[in-house]
Amino acid sequence: MHDAQTTAIGVPIGRAAQRRGTFGDTLRRSQPAYVLLSPYLILFVVILAYPLLASIYLSFFDATLNRAPTFVGAGNFVTLFTDPEFHTALRNTVFFAVFAVLGETVLPLVMALAMNERLPFRLLFRTAFFLPVVTSWVVVSLIWSMLFAQQGFANSLVQALGFSPQPFFSNGGQAMWIIIAVSIWKNLGYYMVIYLAALQGVPQDLYEAAAVDGATRLRQLWHIAVPALRPVIYFVVTISIITSMQLFTQPFIMTNGGPLNATISVVQLLYRHAFVQLEFGYGSAIATFLLVLLVVLALVNKRVHDLIVQ
Amino acid sequence: MFSTRVIRLVAASTAVILLAGCGSGSTSYTPAGQPGQTPAAATSGGAASGAKVHLVYFNARGAEVAERKLVERYMRDHPDVEIEYLSTTTLSGPSDTDAIANLIFNIQANRVVDVAKIEVSRTPLDLMAANASKELTAIGGDQVKTRTQSLLNADYVTVNNGVWALPYEYDPFGYVYNASLFKDAGLDPDKPPQTWAELRATNTTLKSKNPNVWPICQPIKNLAKTLPIIWNAGGDIWDRDVLPTKALLVNPIVSDTYKFISEWSQNQWMNTDELTGDNITQLMISRKCAALNGSSNAVLGLQNNDPKTDWRVAPFPSKHTGGQPPVTFGGGSALGVPSTAAHPKEAVDFMLWLTSDDAQRLKWGVNKDLGLSDDDIFASANPVSKAVSEDLKKEARWKQAILTIPSRAAGISPAYSKIYDVLASMQERIIRSNANVDEELTTVQKQAQDLLDQSIASYPSLYKGA
Amino acid sequence: MGDVLDIRSLRSVDRLLLFLLLLVLAVVAVFPFYWMVIGSLMAPADLFATVPKLWPPDPDLSTYRRIFEIVPLARYFANSLVVSVTTTVVAVIVASAAGYCFARLTFFGKGILFALILAALMVPSQSTIVPLFVMFANWNLLNSYAGIILPGVVSAFGVFMMTQFFRSLPPDMREAAIVDGASEYRIFARIYLPLARPAVATLSLFVFMGTWDQLLWPMIVAPNPDMRTLQVGLAFIRQQAPVQNQVMAAIVLSVIPVVIAFLLAQKQFIAGIAAGAVKE
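Chains as they are written, first to last, in the numbering used here: chain A, 1 to 310; chain B, 1001 to 1466; chain C, 2001 to 2280.
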């Protein structure tokens, strides 16, 4: 593109911007930007920034119903880091994130590669894969919790195949894998289409060149198509990590964090403390921790990406 | 072109938002079956219409259709009162604590709530302890006191000479069983198990005939269904029913009870999925659960959805027979006046009407004026009015649903909610991971006693009078 | 020449395997919905029978009749529609304007503001619910469409995406327009915004689905039953419907309109997502 001369964020340095003016000049020149930006900024401050700051502020207090909050300093965080329930929630969330991101990155890629090969019934497949995408998380969680009930369809299938009925939601490990599976299942179509579009941008002559060198189609795909998709893969991984770490709806509706806290996520723990036990201060501390964690993860992700691209 | 369309869209949506912000949704919903009643429609936004009292009724406890019809009936009979109906529901799991939380946010934000429908055994004292509710005799005088005497579950809400809520719906627990399944398994349907030994025998027989069936189902993470088993074995978990000061968990009867429940789990007699409000009927009808330790009035929903099966209720088996007469836990709902109420006097009037025999007859269909369907009536559990209870028992199907054994208050105190959570978690560990019962009880005894001590320290005046 | 042509496409074996994979995944994707539909037509006793039934033995529409009796689904659906559409329109417009600013204009404080907005992506919505509720209660926004809509209008993801998109468009159009004497607003509205159609389509879809999905906030901010959105209504149905074929019927009713809309708009829908993502 024409972004040869850009600032760090990628704004082109035009002739106008390179003129050195007074500070008042800068402000005046910024005016149209501020006007265009103001609707978002005002809403952002009111809806996001202020409640978030209030929440961070509250995490240093002990606050509950109808009682004036008492300052406890870092007390909430000390309790948090020594709380075994929190360790469990963190472990569960990270476990989920690792496999969900893996599944949401790799499986749709394979599907996109397959769909790109002009197999029959492509339109039908695309519609089928998109059905879970357009359904809400609440509905999806309800459906799957009925499917995997002890006497639900899944167990009937398992028994029809000759195995003994599985505990599913009664077993912590299986419950977690069901939650991972439903999350991947729901997102398959979305990421597949993203990959598919990017795949269609890969020039055909690259494949031809490899074919001339004697590579089979599969090898062509592996050595040409996949590397070409690297920026898209990065995008998918980033979004997937951020949303996976904020896991809430699926365990909330399907297992309520059980059995025995095997599927409780960090946001669920936040909900339990803030909404159920009405410990607003402690709940805010969990929220603050999650925010810091995600910011760190995003920075690490960006650093890894920069290293790979270099 | 594109931009003019955008501008028009922006203008339209801004208009929508502004208009929407101007007023709340007025009551335009007419429940099905209501004979052509138009409710006293006045938008709360512009309520400057004379002497009308505006009450806010927040329902955090279900039975929505019946409640809305009662609200409309009250407004029709009292044209000077206008009631705004708000409600919330639980989002997941067996407990309704997150529904109550919704109510509490409103109180926390100083929103006016005049009447709240809440859970009866935990919430009234939780609210009282947080100064979030008003004492009722101070508002309604002797009328309130007299009313509590004609209601069941009154001991849940009468603490230290104060009345903190009025019981509203009564939900006793019993042994709900599939008599047809019993007959098919060779058991006598008229003789449900009455002792632990008989329950063991029944469960063994049922399991051997139907390996896929759970002979006994009970919520796993729960205390309320376990307490009656302890009581009927001759024990208790604290020193007294109201405002207990000592937790007494380390004793043989409590230990035996939890070991008995552990036995159900080890022998695979018990459900492995947690019971939630929406799967209990399903589990019974599909013959996955042969019997249920739960709400006795579940039998009504079962009969309604599966009339071909013979559904029965009996008191839950006691450890031995011949001891004291059996008791059960009577859960249910209650009505309270939050601290943010704007019209406490009118609120209490409304509550007195709702708990009156007349209104209870309407709610349970003894008087068919409201036109409630069966499913709507069954959602309300049982009446809390002793007189209406007797009325209902004349109907065969209700006779079973209203368990005739008395109920007993359970450690009512500001600490009860937290102790409930601790014990429910312990029960889950015992059931799911075969935890050692005696070790668990020793650990939990300390936690429970700490909670009781904290409660005593925080509310000295409450305990002084007790 | 012949050899190269053979190698350029997949071997039949590989082709078959890939096709089977897609087939299996497609069945897995669709089956739960199929099960909902047939389940809603079955009696409760048949629903969880030990031997699974793949077809209702006695199709029965009374469940649907009962659902319409218990809950005003049409009203809930209308509420969801109003909320989702308004949120989408406002969010997209606001995010586009902001995205354009960060992509093309220079102004004081730009770097910090952008970083802050990105950080907002990392905030779980559950953590801001209580302070927001208290704020909205004080401003009398409870039980109103505005109360439900407002938090959804702030889309950090939207700003991020629109920034990336506008950055990928050539800057010389702006420079040429400046030389011609056009104001910044004109440049944005007349030149860049029309070009943003694919990204706008993608973002609209994203915001719409996200708002449609919402459960916690609408339930908390609008306890008036007439203001309930569809997801909140489904939560209530779970409470009021004792048997699960009723819950299934409600689910089917809530999913059908969305599926129909998707089927109608499929091409633009998917083209929009693809175009928006490829620009990343």
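Just so it is clear, CB atoms sit at the ideal spot from N, CA and C, and this is done for glycine as well.
Worksheet item: Between N1251/B and the rest of its own chain, which residues show a CB-CB distance below 7 Å, the 5 nearest in sequence each way excluded?
Response: Stepping through the second sequence from its first residue, residue 1251/B is reached at position 251. Closer than 7 Å at Cβ, skipping near neighbours: G1235.
Fill in: Rounded C-alpha distance that separates G1336/B from D1349/B
To locate residue 1336/B, count along the second sequence from 1; it is residue 336. To locate residue 1349/B, count along the second sequence from 1; it is residue 349. So the two alpha carbons sit approximately 12 Å from each other.
Practice prompt. Kindly indicate the opening and closing residues of the beta strand (DSSP E) around H87/A.
Written response: In the first sequence, residue 87/A corresponds to position 87, counting from 1. Element bounds for H87/A: not the beta strand (DSSP E) but the alpha helix (DSSP H), 84-115.
Item to complete: May I ask which residues mark the beginning and end of the alpha helix (DSSP H) holding L2017/C?
Response: On the third sequence, position 17 is the one that residue 2017/C refers to. Its alpha helix (DSSP H) spans residues 2012-2040.
Worksheet item: Going along chain C in order, which residues have a C-beta closer than 8 Å to the C-beta of T82/A?
Response: Within the first sequence, residue 82/A is the residue found at index 82, counting from 1. Identification of chain C residues near T82/A by a Cβ-Cβ cut-off of 8 Å yields none; the smallest Cβ-Cβ distance measures about 21 Å.
Worksheet item: Which runs of the beta strand (DSSP E), 3 residues or longer, sit entirely within the region 1296-1358 of chain B?
Response: Look at the region 1296-1358 of chain B and you find these whole runs of beta strand (DSSP E), each 3 residues long or longer: 1311-1314, 1330-1336.
Worksheet item: Using a Cβ-Cβ distance under 8 Å, would Q2214/C count as near chain B?
Response: Mapped onto the third sequence, residue 2214/C falls at position 214. Taking Cβ atoms only, chain B never reaches closer than 8 Å to Q2214/C, which makes this a no.
Practice prompt. Spell out whether any CB of chain C is found under 8 Å from the CB atom of R1111/B.
Written response: Counting from one through the second sequence, the residue named residue 1111/B turns up at place 111. Taking Cβ atoms only, chain C reaches closer than 8 Å to R1111/B, which makes this a yes.
Worksheet entry | 8 Å Cβ cutoff, I2251/C in contact with chain B | Counted from its first residue, the third sequence places residue 2251/C at position 251. Taking Cβ atoms only, chain B never reaches closer than 8 Å to I2251/C, which makes this a no.
Worksheet item: Any idea what DSSP makes of S1133/B, helix, strand or coil?
Response: Taking the first residue of the second sequence as position 1, residue 1133/B is located at position 133. Reduced to three states, the DSSP call for S1133/B is strand.
Fill in: Contacts of E1072/B in chain C (Cβ-Cβ under 8 Å)
Counting from 1 along the second sequence, the entry for residue 1072/B is found at position 72. None at all; the shortest Cβ gap to chain C is about 13 Å.
Worksheet entry | Within 8 Å, strictly: CB atoms of L1423/B and L1223/B | The residue you call residue 1423/B lines up with position 423 of the second sequence. The residue you call residue 1223/B lines up with position 223 of the second sequence. Going by C-beta atoms, L1423/B is nearer than 8 Å to L1223/B.
Worksheet item: Among N1161/B, V1071/B, F1058/B, which residue has its Cα nearest to the Cα of Q1360/B?
Response: For the purposes of this step, residue 1360/B is taken as residue 360 along the second sequence, with counting starting at 1. Q1360/B has its Cα closest to that of V1071/B, out of N1161/B, V1071/B, F1058/B.
Worksheet entry | Selection from Y2185/C, Y2192/C, A2078/C, P2198/C that minimises the alpha carbon distance to L36/A | Translated into positions along the first sequence, residue 36/A becomes position 36. Nearest C-alpha to L36/A: Y2185/C.
Worksheet entry | Where V72/A meets chain C, residues with beta-carbon distance less than 9 Å | For the purposes of this step, residue 72/A is taken as residue 72 along the first sequence, with counting starting at 1. The premise fails here: V72/A is roughly 18 Å from chain C at the closest Cβ pair, so nothing lies under 9 Å.
Fill in: Beta-carbon separation (whole angstroms), P1228/B vs F1182/B, contact threshold 8 Å
In the second sequence, counting from the first residue as 1, residue 1228/B sits at position 228. In the second sequence, counting from the first residue as 1, residue 1182/B sits at position 182. Rounded, the Cβ-Cβ distance is 22 Å, inconsistent with contact.
Worksheet item: How big is the Cα-Cα spacing for W2217/C and L2150/C?
Response: Position 217 of the third sequence, counting from 1, holds the residue named residue 2217/C. Position 150 of the third sequence, counting from 1, holds the residue named residue 2150/C. Our two residues, W2217/C and L2150/C, have alpha carbons roughly 11 Å apart in a direct line.
Worksheet item: Hey, is T243/A close to the ligand SAM, as in C-beta under 7 Å from one of its heavy atoms?
Response: Ligands displayed in this structure: none; no statement on the ligand SAM is therefore possible.
Worksheet item: How about F169/A: is its C-beta nearer than 8 Å to some C-beta of chain B?
Response: As a position in the first sequence, residue 169/A is number 169, starting the count at 1. With a threshold of 8 Å between beta carbons, F169/A makes contact with chain B.
Discussion item. Can you confirm whether T1309/B, when its beta carbon is compared against all beta carbons of chain A, has any partner nearer than 8 Å?
Written reply: In the second sequence, the residue the question calls residue 1309/B occupies position 309. For T1309/B, no Cβ of chain A is located within less than 8 Å of the residue's own Cβ.
Worksheet item: To which residues of the same chain is I1230/B closer than 8 Å at the C-beta, ignoring the five residues directly before and after it?
Response: Taking the second sequence and counting its residues from 1, the one referred to as residue 1230/B is at position 230. Within the same chain, Cβ atoms closer than 8 Å to the Cβ of I1230/B are found at D1236, I1237, I1253, V1254, T1257, the five residues on either side in sequence being excluded.
Item to complete: Could you check which residue in V2255/C, Y2100/C, V2013/C has the C-alpha nearest to that of Q2164/C?
Response: As a position in the third sequence, residue 2164/C is number 164, starting the count at 1. Cα-wise, what sits closest to Q2164/C is Y2100/C.
Worksheet item: What is the C-beta distance between W1364/B and L1403/B, in whole angstroms, given that I count them as a contact (C-beta under 8 Å)?
Response: Taking the first residue of the second sequence as 1, we reach residue 1364/B at position 364. Taking the first residue of the second sequence as 1, we reach residue 1403/B at position 403. Contact between W1364/B and L1403/B does not hold, since their C-beta atoms are separated by about 15 Å, which reaches or exceeds 8 Å.
Worksheet item: Going by other Cβ atoms of all chains shown within 10 Å of its Cβ, with 16 needed for buried, is D1098/B buried or exposed?
Response: As a first step, residue 1098/B must be located in the second sequence, where it is residue number 98. By the C-beta density criterion, D1098/B is buried, having at least 16 other C-beta atoms within 10 angstroms.
Worksheet item: At least one CB of chain A closer than 8 Å to the CB of A1130/B: is that the case?
Response: Start at 1 with the first residue of the second sequence, and residue 1130/B comes out as number 130. At least one chain A Cβ lies under 8 Å of A1130/B.
Worksheet item: Is it true that the CB of R1061/B sits closer than 8 Å to the CB of I1118/B?
Response: In the second sequence, residue 1118/B corresponds to position 118, counting from 1. In the second sequence, residue 1061/B corresponds to position 61, counting from 1. Yes, they are a contact pair.
Worksheet item: Could you give the distance in angstroms between the alpha-carbon of P227/A and the alpha-carbon of M2122/C?
Response: Taking the first sequence and counting its residues from 1, the one referred to as residue 227/A is at position 227. Taking the third sequence and counting its residues from 1, the one referred to as residue 2122/C is at position 122. Going from the Cα of P227/A to the Cα of M2122/C covers about 29 Å.
Worksheet entry | E2175/C versus A2196/C - alpha carbon distance | Reading the third sequence from its first residue, position 175 is the one you call residue 2175/C. Reading the third sequence from its first residue, position 196 is the one you call residue 2196/C. Take the alpha-carbon of E2175/C and the one of A2196/C: they are about 18 Å apart.
Item to complete: Would you kindly check if the distance between the Cβ of I2067/C and the Cβ of A2249/C is under 8 Å?
Response: Taking the first residue of the third sequence as 1, we reach residue 2249/C at position 249. Taking the first residue of the third sequence as 1, we reach residue 2067/C at position 67. Between A2249/C and I2067/C, the C-beta spacing is below 8 Å.
Worksheet item: Which residue or residues does DSSP assign as beta-bridge partners of I1083/B?
Response: Start at 1 with the first residue of the second sequence, and residue 1083/B comes out as number 83. I1083/B pairs with L1055/B.
Practice prompt. Specify the secondary structure class of W2139/C as computed by DSSP and reduced to three states.
Written response: On the third sequence, residue 2139/C is found 139 positions in, with the first residue counted as 1. Coil.
Worksheet entry | Rounded C-alpha distance that separates A4/A from R230/A | If you number the first sequence from 1, residue 4/A lands on position 4. If you number the first sequence from 1, residue 230/A lands on position 230. Low local confidence applies: a pLDDT of 44 at A4/A is under 50, so the model's placement there is unreliable, with the coordinate-based value given in what follows. One Cα belongs to A4/A, the other to R230/A, and the distance between them is close to 22 Å.
Worksheet item: What in chain C is Cβ-close to S1087/B, meaning under 7 Å?
Response: Here residue 1087/B is taken as the residue at index 87 of the second sequence, counted from 1. Think of a sphere of 7 Å around the beta carbon of S1087/B: the chain C residues whose beta carbon falls inside it are P2223, P2225, in chain order.
Worksheet item: Looking at D1278/B and Q2244/C, is the spacing between their C-beta atoms short of 8 Å?
Response: Stepping through the third sequence from its first residue, residue 2244/C is reached at position 244. Stepping through the second sequence from its first residue, residue 1278/B is reached at position 278. Yes, these two residues count as a Cβ contact at 8 Å.
Practice prompt. Go ahead and pull the three-state DSSP assignment for L1018/B.
Written response: One-based indexing of the second sequence puts residue 1018/B at position 18. For L1018/B, the predicted structure reports a pLDDT of 42, less than 50, and the residue's modelled location is therefore unreliable. The matter cannot be settled from this model.
Discussion item. Given this structure, state the Cα-to-Cα distance separating V1053/B from A2029/C, to the nearest angstrom.
Written reply: Locating residue 1053/B in the second sequence gives position 53, where the first residue counts as 1. Locating residue 2029/C in the third sequence gives position 29, where the first residue counts as 1. Roughly 54 Å separates the two Cα atoms.
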